[in-house]
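Beneath this line is the structure, given in structure tokens, with notes to follow.
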Amino acid sequence: MDIKAMEKILERVPNRYEAVRIMAKDARRINLLIRLSGEEIDEKPTTIAMKRLIEGKVKYRYVNPEEES
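Under the working numbering, read the sequence shown as residues 78 to 146, first letter to last.
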């Protein structure tokens with residue numbers, strides 16, 4: 078990941094560790110969708126997830142433990 082990409086990501090998510098978690102979850106979701114569809118793609122799911130976060134296409138929110146139960 079280059080420095081410019083990380084700067085753009087940090088504009089969307091101020092904490093770099095949270096940004097990595099968000100991208101990882103999205104990459105897992107993308108990977109599952111690719112497997113289920115049977116399509117072949119040229120880009121890695123992690124690259125797609127990073128681009129989606131930079132473009133603002135990924136929505137996220139923090140959930141309190143009380144809200145989960």
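Each residue gets a CB set at the ideal place from its N, CA and C atoms; glycine is no exception.
Quantities reported herein were computed from a predicted structural model and do not represent experimental measurements.
Beta-carbon spacing of residue 86, residue 125 below 9 Å | no
Would residue 118 be called buried (16 or more neighbouring beta carbons within 10 Å of its own) or exposed?
-> exposed
Keeping to the same chain, check which residues put their C-beta closer than 8 Å to that of residue 108; ignore five residues upstream and five downstream.
-> 122
Do residue 135 and residue 99 have their C-beta atoms within less than 9 Å of each other?
-> yes
Taking DSSP as the reference, what is the three-state secondary structure of residue 119?
-> coil
Residue ranges of each alpha helix (DSSP H) run of no fewer than 4 residues wholly in the segment 83 to 117, ordered along the chain?
-> 93 to 114
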